[in-house]
Structures are given as structure tokens and as C-alpha cells.
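Before any comments, here is the structure.
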Amino acid sequence: MSAEALYSPQLLDHARRPRFTRGPPAGWTIRGTAGVPGCADHVELFVVAHAGRIVDVGAVVQGCLVAQAAASALAGTLRGRAVGEAAAMAEPAALLAQIRAQVPAGRMACVAVAGLALQAGLRGG
Amino acid sequence: MSRRRDFPCLEQLDDQGRPMCYLDSGATAQRPRAVVLAEEEYYLQFNANVHRSAYPWSARATAAVEGARAKVAALVHAAPGSIVWTGGTTDALNKLALMLSGTLEAGDRVVTTVMEHHSNLLPWQRLAARGVEVAYADVHDDGTLDIDDFAAKVTDRTKVVAFTHQSNVLGTINPAEELVAIAHEAGALAVVDAAQSVPHMPVDVQAMDCDFLAASGHKMLGPTGVGFFYGKPEHLARLQPAFLGGGIVEQVTLEGPPVLRPPPHRFEAGTPPVAQVIGLGEAAQYLLDLGMDRIRAHERALVEHALKEFRALPGVQVAGPPDPAHRGGVLAFTVRGVPPEDVNEVLKAEGIMVRFGLHCAEPLARRLGIGPTTRATFHVYNDLEDVDRLVGAVRRASALEVAA
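So the protein sequences, as listed, match chains A and B.
Residue 988 in the working numbering is what sits at position 14 of the first sequence, and the numbering runs on without skipping anything.
Residue 80 in the working numbering is what sits at position 88 of the second sequence, and the numbering runs on without skipping anything.
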């Protein structure tokens, strides 16, 4: 696989201009964390919801560009959604479509980690 | 001096028709054909156990294992009887820590350094549970050992000093003779982790005057699962083996204790890895034939070229001493705004094999504040073309830069 197929312009754009607020946004109501076993990727995700709608998403992402871009894509998708719809947005396939990257199987965990952090937050941890 | 033609793995082309660019010898080296054939010859022609049986195959296997011991001994300028087979450096250092622990009391001190591989930290740290104090000599920011701090930490309660001859992350070559002298002045024994030096440079245990020295077969062009430690004969004569079993005894009674065979056999309980030992002997001979001075000069030229090229790459930071005279063929680096996992992805796509992470030296990464790095390491089969491919790929990886 070529590096260009993985590091698509969309992936790099998300990694360079993340759609999430860096760090915990004021008034967050949901917080979740997730890591990738055996690798340095770790995401802490924050959601600010008003009247059942997501108005802001914050994140602290430690890890590779793929994890950073996927967290950004997730944040962009979540804004304006109902909290009840959020879990479905965390599917890796949906995030991959946004970052237009051909991610090798060995790095799909990097795509998934932000979604896992969201799901952990929705479960209350 | 590139010796690619001796290494069958490197004669292959990758799936895009490019020559193999193997820059991970610090993790494990390639094997020359002669090493593989030596192991094969044992399995196909005289497969038998050693030291125990009185038929020709066993005699030949025994002679091959003892011949290998002589070759490895010659490589480090030791007497064959002072070379003990182990499973590798990690196994050797653990055995040495276990054996020496019997001579340590609560309040005694072991001094090591913050640049150690975990294999030369954890076996000593475990002794802390028995009241032994473990102290760590610091490094300077340029990745060289702080000799003053080392000397200050070697107090008169220090019984063992254990340090790496060459850092597996920084490439730093430590002044082993000087460090051993500091240990001896305090009455301490000096244990040298030579896993990264024996395969790459002249190592002379007599000149170094170390008490023990350990290395791994698989990093010195030999097989996996085998290594050795050197021990001064007077220490081997008095130390008790860490493991007991067949092959190390002259007499066993139910009343005990056993009468042990003389060194080195008393430290080799059980059947040794015969094929691997024979392969390791062949690897030692291969290195001797090439000449360790020439190998060191070759790798120094590669690392010098790499350092010069890397300095011209914006945002690329190389860890370790800037002077190639003080470093081996190791190049650990970071690329600004590009995590090592992504640097590796670009290198992988270009057919370059390196390693990224903390390289089993987490305290060192923390001390230097560098975190995970990408590491390229060289050996006899690498050439300037490999270095140039690496430099080109790192330049392309740096284009992915993302502002932190």
C-alpha cells in the first residue's frame, strides 16, 4: 500500500485542522477515554450537550495521525446530532469514508479509538 | 565492504521489485548463508546430544560445540573456558544477577545507568526487594554517560556495576575500560551488557578487564535462542550456578550436595542449544574473518553519512552523540509533527524496515524527554544506498507534518 493512499488530503486536513475543541470544553456533560493496547494511541473525548443535542466536542488525542484524523472526523459528525444518535456515528467505516484513507488492517484500531472513547462516555465512564 | 551477497534474505526483492532495505539489525541481524548451513549440517549429518554419549555423532557434536566456544572466545579475546552458553543476553544478565545476588546483603549497592535496556535494569531492580539499593548513573542531554555522576554513585557499599557497552537507542559507546576501573577501585564487580557492541566493534575482555560480559547470538549474525557470557575464571570458580540439572555434575547422591563439573560446564544445566551454538561459532568466525576493525569502520562511515544527511532535514532530530567517533551504527530520530507510527508507515511503503517505539529503554526516553523514536540500525550488509533511501523516505515523511 502506498503512503499516499493512507495519508489522503482529507486525512491530513483533519489531522491539521481538527474539528474538535482541543482539551475539555466548558460545560462538558459526557467524558470517555480509550486506548489501543500495545500502542501509544489514547483518546479522551468530551461532549457538551444541551437539550439532548450535541453542541460541542472536545478531545485530547495522543497518538498517530490516523487516530487524530479519525477523532476529528467523529467530532465533526457529532456536532448538531441528538445524543441518542451519537453511538451510531462512532462506526469506523463511517469515519473512514470521511477521511478517505485506505487504512491497513493492522491500523484499524487507530481509526476506532475515538469512537471507543465516545462509547465509554455514553456508558457513563 | 557491504556483504549483501552472503545473506540470502537480502538477495530477495520486495513485492515492488526493490532491493531489501533492512535497517533493523539492532533488533536482530540477518544470518549469512554459512551460519544457516552450519546448523543444517548438524541436523542433517550428526544430530546427537553432547558430552554424554560415546559414539561418533555425539563426539562430533561435542567437538563442534567446543569448537564454537573457542571461536566466540577468540572474538572477545577470552579463554574458551571462560565462555558460558546462555539463551541470549537477557538470559545471561538474569543468570548473573541471580548468581551474584547470593553475594549481596541488605544495604549493598548495585549501580547501573539510565541508558540501559530493560534487560540490564529489571534483573537488578528485583534485588531491591532483598534490601539491595539500586542507583542509576545519569546521562548528559547529548546522550553520553555522565561519568562524574557514575563515579559519585559507585560508593564503597557498591558490589556490582552493570552498564551497557553501547546504547541500543542512542548508539552511545561507553568508555568501558574507564567505567570498569571506577568499579574496581570501589571493590565492585563490573558486568557489561555487550549485546550491541560485540556484533559491531572490537571487544577485548582482557583490555576492558571486566568481570562479566554478555552478548546475544542473533544480533551478531548468529541464530536466535543462543548467547553467552564471559566470566573471569576466578569468579566462575567460586560462583554457584543459577540452575541445576544434567550436564553440570560429576557426582550426585541422595545425601547431596552434588559435585559440580568445572566451569564453564557447571553453568550449563540441561542440553545446550546445540545447533544454535554451532551456528553462533560460525557467525563468530565470519566476524573474525571480516575483521572487527573493518566492520566498525564500515558502520562508522554509514552513520557519519547518515548524521550529515539527517542534519539537513528540517524538523528531524537525531538522539545521541553527534560525533560518530562516540556512537555505533544506531540512528534513533524524531520527525517534528509526525508521530513515529506514521514515519514508520511511510518507510514501510518504501520498502524500508526499521523499528519504532521506546526500544525497551523506557526510563531513558523519559529522562531525555524524547518519547518514542524511529530507529535505523546498520550492519555489515548495509551500504550508502540504504542510508540514502532512508534519508529520502524520512524527507517524504516529514511532509506529513501536523502542528502539535
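Note that beta-carbon positions come from the ideal geometry of N, C-alpha and C, so glycine has one too.
For clarity, every value in this text was computed on a predicted model and none was experimentally measured.
Note the first and the last residue of the continuous alpha helix (DSSP H) segment covering residue i.
i, result
"residue 302/B", "284 to 303"
"residue 92/B", "81 to 93"
"residue 61/B", "48 to 67"
"residue 984/A", "983 to 990"
"residue 127/B", "Here residue 127/B belongs to no alpha helix (DSSP H); instead the beta strand (DSSP E) covers 125 to 129."
"residue 1042/A", "1039 to 1052"
"residue 117/B", "114 to 117"
"residue 139/B", "139 to 145"
"residue 380/B", "376 to 390"
"residue 1094/A", "1082 to 1096"
"residue 228/B", "225 to 230"
"residue 37/B", "25 to 37"
"residue 198/B", "197 to 200"
"residue 334/B", "332 to 341"
"residue 359/B", "354 to 360"
Taking 7 Å as the CB-CB limit, is residue i close to chain E?
i, result
"residue 990/A", "Absent here is chain E; the protein component of the structure consists of chains A and B."
Can you name the start and end residues of the beta strand (DSSP E) that residue i belongs to?
i, result
"residue 8/B", "Per DSSP, residue 8/B belongs to no beta strand (DSSP E) and is neither H nor E."
"residue 400/B", "The structure shown has nothing for residue 400/B, since chain B only spans -7 to 396."
"residue 247/B", "That residue, residue 247/B, is in no beta strand (DSSP E); it is neither H nor E in DSSP."
"residue 206/B", "204 to 208"
"residue 323/B", "322 to 327"
"residue 75/B", "75 to 78"
"residue 1019/A", "1016 to 1024"
"residue 15/B", "First-last for residue 15/B: undefined, no H or E at that position."
"residue 1034/A", "1027 to 1036"
Identify the contact partners of residue i in chain B, using a Cβ-Cβ distance below 9 Å as the criterion.
i, result
"residue 1042/A", "331, 394"
So, is the C-beta of residue i closer than 7 Å to a C-beta in chain B?
i, result
"residue 1090/A", "no"
Output, in chain order, the set of chain A residues within a Cβ distance shorter than 8 Å of residue i.
i, result
"residue 354/B", "None at all; the shortest Cβ gap to chain A is about 12 Å."
Chain A partners of residue i, CB-CB under 7 Å?
i, result
"residue 334/B", "1038, 1039"
What does residue i touch in chain B if you count any residue whose Cβ is under 8 Å from its own?
i, result
"residue 975/A", "341"
"residue 986/A", "392, 394"
With a cut-off of 7 Å, does the C-beta of residue i fall near any C-beta of chain A?
i, result
"residue 152/B", "no"
"residue 338/B", "yes"
Ordered along the chain, which non-local residues of its own chain (more than five positions away) have a Cβ less than 6 Å from that of residue i?
i, result
"residue 371/B", "17, 21"
"residue 218/B", "209, 265, 268, 269, 272"
"residue 347/B", "16, 19, 367"
"residue 234/B", "87, 90, 91"
Give me, in chain order, the residues of the same chain whose beta-carbon lies closer than 7 Å to that of residue i; leave out the 5 immediate sequence neighbours on both sides.
i, result
"residue 1076/A", "975, 979, 980"
"residue 369/B", "15, 16, 17, 18, 321, 322"
"residue 402/B", "This structure cannot speak to residue 402/B, because chain B is shown only from -7 to 396."
"residue 336/B", "346, 348, 366"
"residue 244/B", "250"
"residue 112/B", "85, 104, 154, 156, 185"
"residue 388/B", "338"
"residue 260/B", "76, 77, 239, 240"
"residue 1081/A", "1040"
Between residue i and the ligand HEM, is the CB less than 6 Å from at least one heavy atom?
i, result
"residue 39/B", "Of the ligands one can find in the structure shown there are none, so the ligand HEM has no counterpart to examine."
Would you mind telling me which residues of chain A sit closer than 9 Å to residue i, beta carbon to beta carbon, in chain order?
i, result
"residue 306/B", "The contacting residues do not exist; residue 306/B stays about 17 Å from chain A at best."
Just to make sure I have the definition right: I need the residues of chain B whose C-beta is within less than 7 Å of the C-beta of residue i. Which are they?
i, result
"residue 1014/A", "364"
"residue 980/A", "337"
Which residues in the same chain as residue i place their Cβ atom closer than 8 Å to its Cβ, once the five residues preceding and following it in sequence are excluded?
i, result
"residue 79/B", "217, 218, 219, 265"
"residue 58/B", "72"
"residue 1052/A", "1021, 1028, 1031, 1060, 1063, 1092"
Exercise for the section: Kindly confirm or deny that the region 151 to 161 of chain B and the region 52 to 70 of chain B touch, where touching means at least three C-beta pairs closer than 8 Å. Expected result: Fewer than three Cβ pairs drawn from the region 151 to 161 of chain B and the region 52 to 70 of chain B lie within less than 8 Å of each other, which leaves the two stretches out of contact.
Practice task
Check whether the region 79 to 98 of chain B touches the region 119 to 134 of chain B, taking contact to mean three or more Cβ pairs, one atom from each stretch, closer than 8 Å.
Solution key: yes
Practice task
Say whether the region 1052 to 1067 of chain A touches the region 251 to 260 of chain B, bearing in mind that this needs 3 or more beta-carbon pairs closer than 8 Å, one atom from each stretch.
Solution key: no
Problem - the region 27 to 39 of chain B / the region 1041 to 1059 of chain A touching (three or more Cβ pairs under 8 Å) - result: no
Problem - Cβ contact (3+ pairs, closer than 8 Å) linking the region 1089 to 1097 of chain A and the region 1002 to 1009 of chain A - result: yes
Handout entry: Any 3 or more C-beta pairs closer than 8 Å across the region 132 to 139 of chain B and the region 163 to 174 of chain B
Key = yes
Problem - the region 350 to 357 of chain B contacting the region 326 to 342 of chain B, beta-carbon criterion three pairs below 8 Å - result: no
Exercise for the section: Determine contact between the region 183 to 198 of chain B and the region 279 to 288 of chain B, defined as no fewer than three beta-carbon pairs at a distance below 8 Å. Expected result: Segments in contact, yes.
Practice task
Evaluate the contact criterion for the region 1026 to 1034 of chain A versus the region 373 to 383 of chain B: three or more CB pairs, one atom per stretch, below 8 Å.
Solution key: no
Exercise for the section: Mind the definition here: the region 1042 to 1050 of chain A touches the region 983 to 997 of chain A only if three or more C-beta pairs lie below 8 Å; say whether that holds. Expected result: yes
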